[in-house]
Amino acid sequence: MLRTLLEGLRQPVTEALPTDPEFAELAKKLSRETRRRLGRGLAIRVLDAGSCNGCELEINALANPFYDLERFGLSFVASPRHADVLLVTGPVTRNMREALLRAYDAMPAPKWVVAAGDCASGCGVFAKSPACLGAVSAVIQVDLVIPGCPPTPARLLAGLLALLGNN
Amino acid sequence: MSGWEEAERTLAAGEASLVSLWADGPRARLALLSGPELRILDHEAPGGHFPSIGRLHPPALRLERALAESSALVPDGLPDTRPWLLHGAEALSYPFLPAKGEHLHQIPVGPVHAGIIEPGHFRFTCAGETIVRLEERLGYVHRGVEALMEGKTPEEAAKIAARISGDSTVAYAIAFARAVESALGVVPPSRALWLASLMAELERLANHLGDVGAICNDAAFALMLSHCGILRERVLRASFFCFGHRLMMDRILPGGVTTDLSADGIAHLRALVAEIGQKFPRLLSLYDRTASLQDRTVGTGILRPDLARLWAAGGFVGRASGRDFDARRFYTPYDSLTFAITVRSEGDVDARLRIRAAEITESLGLITQILDRLPAGPLRSALPAELPGGSGEGFALIEGFRGDIFLHVRLEGGRIARCHARDPSWFQWPLLETAIAGNIVADFPICNKSFNCSYAGHDL
Ligand code: SF4
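First to last, the protein sequences are chains A and B.
Quick note on our numbering: the first sequence kicks off at 839 and runs consecutively.
Quick note on our numbering: the second sequence kicks off at 13 and runs consecutively.
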């Protein structure tokens, strides 16, 4: 096991901070107040409100050694009660509406909502289905949208860092 | 005895496997497999009544519940008539089955789980730490996929099919393309078939690598997650380099593929195969040498082979419990490629992990063979604008990383009249309920991960 560990150290794969001009613009829109309150850390609760699971795969990839999101002070938390940010994926299905509202209500204020992926932003392929309510913004107020189907990990990271004003 | 009742008898006797059961207008349709032969039977009667298959063959129960709530058909004698995918107004008062006994307590979990996973509800009934019974409640990510596809052109509907279960987007795209092509009598060029299989093997590789890491991580062995995560990321980046999308969404359409593979792409994939071929065996030997890790996986969450057979469990779930089935045996280009299908009989978490490990090696071999022998030629055959005679139907059974995906389409005037997709998870989810009984609550995450059923693919 030691050999495996040392080998991992010899060739680091972690990459530099991603930048994305699109989010630099968004970051400017976030108030100074938001940034002051968030400081340098962000506790994120991910909620799948009807995703095809493609978005989850890329969110999970954020934790791999290439992106290593914890080095930016970003961490995924298990309970909405510990979260600053609710990261929502999927077109909100009728069957998930209640759970989404409950998770949001369980979060302490101040809190922010990020809609990740085209479905959550309201332009995905499921937007018009009667089984879905549409964008996350149809159910709760959204502060930041990260487009893509699914958004790449680099894009997700750039979007989340915009919340911290790091871009 | 009618063909329908005869089919019911052969299913219950274990002489055939249930592939799917769905409603199409006034007809109940049943797909079953005996040997390599897939048959579709129809039942149409006044008032929409048909003899329930689930009455004698439990694997059909959830399919019939979903059929009954979303169509005008009535499965006569269906023992369980609770809603399944449509939660409706009574969503919060779902009647779970009672579990009776002394000193039992219940643990409700979900639909929102602690990790970054899909939503579903698990109701555990426990005696102390031991799980006596698990009952699942699914349907939370029901997006109305099948209804949404109706009236769409095959190209529009392909985008939806590719998003039924994101982790299997390639496999679904192939299943949809093959079903539409067979309905329209279109033959895709052979280069397209080979490229599609190349993408399918990359998808299998990425998912299996992710699963091996995640299963070990559920035993608190995070080192494996990191190393497998690196290899998985390399596969996704190679997929992006070769096909322009990390998950290869929308690269396969009815008639063929949209993206060709360049000489650079071929070199890139050869380097990827070499890297994984060198590194993965060492990770596997690390697993072999770590007794504390195997202590968690060996003997945990055993799925009995007789149940795997009865439920026709696909993929690593079935193959780890003695069911020697892989749909790749039945279609091109696998008929001209060499690969081994590993089957084990232990049925535990360890066996499901080792089946994946064996399949990683086989996929590397398949990718190399495809790169060596990729036929030249066009990428896509044109679809006829209008169907001959105005209608046609076709189906496909395609091996995704998780197991066999069945997809059936009926077209009218060049548009989708009905599309039905059955994810392998339909038959794997109920088996997770049986495999977890008698295990401790703390072992549920690792068992669940070793099954890795799709919520989205099942909920549709
Ligand atoms: S945005 Fe795309 S990847 Fe994400 S849930 Fe929707 S369909 Fe799936």
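C-beta atoms are modelled at their ideal positions from N, C-alpha and C, and glycine is treated no differently.
Cβ neighbours of residue i in the same chain (closer than 8 Å, five flanking residues each side left out)
i, result
"B:Gly59", "Val86"
"B:Lys291", "His239, Leu243"
"A:Gly972", "Pro929, Val930, Gly960, Ala965"
"B:Ala388", "Arg203"
"B:Ala24", "Leu68, His69"
"B:Ile474", "It is not possible to answer for residue 474 of chain B, since the shown part of chain B is limited to 13 through 472."
"A:Arg932", "Ala969, Cys970, Leu971"
"B:Ala279", "none"
Own chain residues within Cβ distance below 7 Å of residue i, not counting five before or after
i, result
"B:Arg246", "Leu284, Glu287"
"A:Leu880", "Gly911, Leu912, Asp922, Val923, Leu998, Leu1001, Leu1002"
"A:Leu994", "Glu896, Ile897, Leu900, Ala954, Ile984"
"B:Gly277", "Phe253, Cys254"
"B:Ile64", "For the record, residue 64 of chain B in the displayed sequence is Ser; it is not Ile. Correct list, in chain order: Glu76, Pro87, Asp88, Gly89, Leu90."
"B:Ile186", "Ala208, Ala212, Ile264, Ile410"
Backbone secondary structure at residue i - three-state DSSP
i, result
"B:Trp323", "coil"
"B:Phe188", "helix"
"B:Ser403", "strand"
"B:Leu472", "coil"
"B:Asp262", "coil"
"B:Ser177", "coil"
"B:Asp435", "coil"
"B:Gly425", "coil"
"A:Asn1004", "Residue confidence is low: A:Asn1004 scores 47 on pLDDT, short of 50, so the model does not pin down where it sits. Its coordinate-derived value is still stated next. Coil at A:Asn1004, not helix or strand."
"B:Thr380", "helix"
"B:Phe418", "strand"
"B:Thr142", "strand"
"A:Ile897", "helix"
"A:Cys890", "coil"
"B:Phe233", "coil"
"A:Leu885", "strand"
"B:Glu445", "helix"
"B:Ile129", "coil"
"B:Glu158", "helix"
"B:Glu148", "strand"
"B:Glu411", "strand"
"A:Phe964", "coil"
Beta-carbon spacing of residue i, residue j below 8 Å
i, j, result
"A:Asn902", "B:Gly241", "yes"
"B:Pro9", "B:Phe342", "With chain B covering only 13 through 472, there is no way to say anything about residue 9 of chain B."
"A:Pro918", "A:Phe964", "no"
"B:Leu383", "B:Leu281", "yes"
"B:Val124", "A:Ala941", "yes"
"B:Glu405", "B:Val421", "yes"
"B:Gly26", "B:Arg316", "no"
"B:Val153", "B:Ala208", "no"
"B:Asp416", "B:Gly326", "yes"
"B:Thr312", "B:Asp455", "yes"
"B:Gly132", "B:Leu160", "no"
"B:Leu30", "B:Ala324", "yes"
"B:Val144", "B:Gly122", "no"
"B:Gly178", "B:Leu259", "yes"
"B:Phe62", "B:Trp34", "no"
"B:Arg392", "B:Pro201", "yes"
"A:Val915", "A:Val974", "no"
"A:Tyr905", "A:Pro991", "yes"
"B:Leu109", "B:Ile448", "no"
Cβ-heavy atom distance, residue i to the ligand NAP, below 7 Å
i, result
"B:Pro457", "Inclusion of the ligand NAP in the displayed structure is not the case, the ligand content consisting of the ligand SF4 alone."
Contact set for residue i: own chain, Cβ-Cβ below 6 Å, skip 5 residues either direction
i, result
"B:Gln118", "Thr137"
"B:Pro166", "Val192, Pro266"
"A:His920", "Ala881"
"A:Asn1004", "Its pLDDT being 47, under 50, A:Asn1004 is placed unreliably by the model, and the measurement read from it follows with that caveat. Counting only Cβ-Cβ distances below 6 Å, and skipping sequence neighbours, we find nothing."
"B:Ser32", "Ala43, Phe418, Arg434"
"B:Asp36", "Arg430"
"B:Ala363", "Ala332, Arg356"
"B:Pro95", "Glu81"
Between the segment 355 to 370 of chain B and the segment 224 to 242 of chain B, are three or more C-beta pairs nearer than 8 Å? yes
Spell out a yes or no on whether the segment 942 to 957 of chain A and the segment 880 to 898 of chain A are touching, meaning 3 or more CB-CB pairs, one atom from each, closer than 8 Å. yes
Length-filtered (3 minimum) beta strand (DSSP E) runs lying within the segment 37 to 123 of chain B: 39 to 46, 49 to 55, 61 to 63, 86 to 88, 116 to 121
Inter-stretch contact (C-beta, 8 Å, three-pair minimum) for the segment 373 to 380 of chain B and the segment 344 to 357 of chain B: yes
Would you say the segment 436 to 444 of chain B touches the segment 457 to 465 of chain B, given that touching needs at least three Cβ pairs under 8 Å? yes
Quick test of the definition: if touching needs 3 or more C-beta pairs under 8 Å, does the segment 87 to 94 of chain B touch the segment 116 to 136 of chain B? no
At least 3 beta-carbon pairs within less than 8 Å: the segment 205 to 224 of chain B vs the segment 175 to 187 of chain B: yes
Along the chain, which unbroken stretches of the alpha helix (DSSP H) at least 4 residues long are found entirely within the segment 277 to 353 of chain B? 303 to 309, 317 to 322, 327 to 331
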